Structures are given as C-alpha cells and as structure tokens.
Amino acid sequence: MVSLVLHTLAFPTLHYCRHDQRDALLEFKDEFPVNESSPIPNDAPLSSWNTSSDCCFWKGVTCDAKSGEVISLNLSNVSLNNSLKQNSGLFKLQHLRNLTLRNSSLNGEIPSSLGYLSRLTKLNLLYNNLVGQIPASIGNLTRLRYLDLSQNKLTGKIPISLANLTNLYLFYIHDNFLESTLPPNMSGFQNLKYFGVGGNSFSGSFPRSLFTIPSLLYLGILVETNSKDL
28 MVSLVLHTLA FPTLHYCRHD QRDALLEFKD EFPVNESSPI PNDAPLSSWN
78 TSSDCCFWKG VTCDAKSGEV ISLNLSNVSL NNSLKQNSGL FKLQHLRNLT
128 LRNSSLNGEI PSSLGYLSRL TKLNLLYNNL VGQIPASIGN LTRLRYLDLS
178 QNKLTGKIPI SLANLTNLYL FYIHDNFLES TLPPNMSGFQ NLKYFGVGGN
228 SFSGSFPRSL FTIPSLLYLG ILVETNSKDL
C-alpha cells in the first residue's frame with residue numbers, strides 16, 4: 028500500500044485534452060474549407076482533428092501535461108485558405124502561449140479579438156496575405172516575447188499600444204505596406220534583440236532610442252524604408 032501511494036505521488040496522473048479545449052479546436056477547424064484536392068481522404072492537413080482521438084495528440088497541438096489545456100498551436104505551412112473570424116473558436120483557447128500560423132494562407136484582417144489571448148508569449152503570422160491595420164489590441168499581449176507580422180500586406184501606422192510590449196526580444200514587421208513614422212521612444216524595449224522594419228514606407232527620423240538598447244543584436248532596415256536621419 029505504501030509503495031502504491033509513493034508511486035502515485037511520484038507519477039501524478041496526466042490530464043489529457045479537456046472537452047472545452049477540444050470543442051474550441053474543432054470550431055476553429057470548421058472555419059476553414061476542407062482541402063478537397065487531396066487524393067487520400069486522411070491526407071488532409073487537419074485530418075487528425077476529430078472526436079475519436081485526444082486533441083493533445085492532434086497535428087500542431089501541444090497541451091499542458093497536468094491540466095490538459097492547449098498551450099501551443101503551430102500550423103506552419105498548413106493551408107487554411109481563409110480569414111480569422113472575430114468570434115473564432117481560436118480565441119476560446121485562453122491558455123495559449125504560442126500561436127504560430129506561419130505561411131498558412133491566411134487572408135483578411137487580423138481580428139482585434141487576438142488581444143484576448145493574454146497568455147501569449149509568441150505570435151507568428153509571417154508570410155500570409157493579411158491586410159488592414161495592426162490592431163491596437165495586440166498591445167494587450169504584454170507577455171509577448173516574440174512577434175512576427177512580416178511579409179504580409181498590412182497598412183497604416185504602428186499602434187501606440189505596442190509600446191506596452193516591453194518583454195519582446197524579437198519584433199519583425201518588415202515587408203508590409205506600413206507608413207507614417209516609427210515610435211519615437213523605443214527605450215522601453217530593453218529586452219529587444221531582433222528588430223526588422225524594412226520594406227515598408229516609413230518616413231521621418233529613425234528613433235535613435237533604439238541604439239540605447241544594450242541587448243540589440245540585429246536591426247533590419249532596407250532601402251524601401253524611407254526613414255531620414257539614420
């Protein structure tokens with residue numbers, strides 16, 4: 028009996044996928060068209076996402092081993108071929124720390140609801156067809172350490188609220204259609220190592236406060252960035 032108790036304490040029971048997490052993922056899956064071009068029925072990118080299996084073992088999904096909460100969703104190179112809805116099932120995954128939808132054939136605007144995922148430390152939307160402005164609500168994601176919105180078709184200004192993201196070590200927004208000026212005071216980004224802004228239409232003076240950041244290792248400025256006084 029004693030040995031059984033000790034074994035239980037040493038190896039706590041793992042909690043698998045919670046039903047609410049599974050339902051949110053299935054709702055998210057249903058927001059995107061099924062790839063009918065695949066000759067093999069089970070060869071669809073998200074074919075593993077079904078009610079007959081544990082969602083913690085689905086493609087691109089990582090769960091917390093103890094709680095069963097989905098903490099990471101990585102669908103890089105999975106062709107979703109649609110836009111993210113404001114009321115997407117994705118935003119019910121409140122424990123997400125990593126959201127990577129790189130090269131996922133996303134289009135439309137980035138929904139402001141993304142700001143509800145307050146536990147995110149990594150957000151990667153690189154190389155899609157996203158349009159419109161960067162939503163100010165991303166500034167609510169104060170735990171972010173990695174933000175990559177590069178190689179899209181984003182327009183407008185950088186929201187002032189992004190100054191709240193002082194934990195960032197990587198901040199890439201290069202190769203979009205962003206304009207106006209860069210934030211004048213970036214000295215609050217004391218953890219920043221990689222900053223890429225080239226391939227946009229910024230104007231005005233380049234923020235010299237960037238050069239006061241001791242951790243900065245890489246600064247990407249291409250000729251398409253029309254900044255003066257570098």
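Reminder that position 142 of the sequence shown reads as 169 in our numbering, one-by-one numbering, no gaps.
Quick reminder that beta carbons are idealized off the backbone N, C-alpha and C, glycines included.
Model, not experiment: these values are computed from the prediction.
{"Check": "Cβ distance (whole Å) where Ala163 is taken to contact Lys119 below 8 Å", "Outcome": "Not quite, the Cβ-Cβ distance comes to about 22 Å (not below 8 Å), so this is no contact."}
{"Check": "Expected contact under 8 Å - CB spacing of Asn134 and Leu157 to nearest Å", "Outcome": "7 Å"}
{"Check": "Beta-carbon proximity of Phe204 to Leu174, cut-off 8 Å", "Outcome": "no"}
{"Check": "Assumed close pair Ser115, Phe55 - CB separation to whole angstroms, cut-off 8 Å", "Outcome": "6 Å"}
{"Check": "Limits of the unbroken alpha helix (DSSP H) element including Lys56", "Outcome": "46-56"}
{"Check": "Coarse secondary structure for Ile67, derived from DSSP in three states", "Outcome": "Low confidence applies to Ile67: its pLDDT is 42, below 50, so where it sits in the model is not reliable enough to give any reading."}
{"Check": "Residue of Tyr245, Cys44, Lys93, Asn109 minimising C-alpha distance to Tyr199", "Outcome": "Tyr245"}
{"Check": "Three-state secondary structure assigned by DSSP to Leu126", "Outcome": "strand"}
{"Check": "Sequence-distant residues of its chain with Cβ nearer than 7 Å to Lys112 (five each side left out)", "Outcome": "Glu58, Pro138"}
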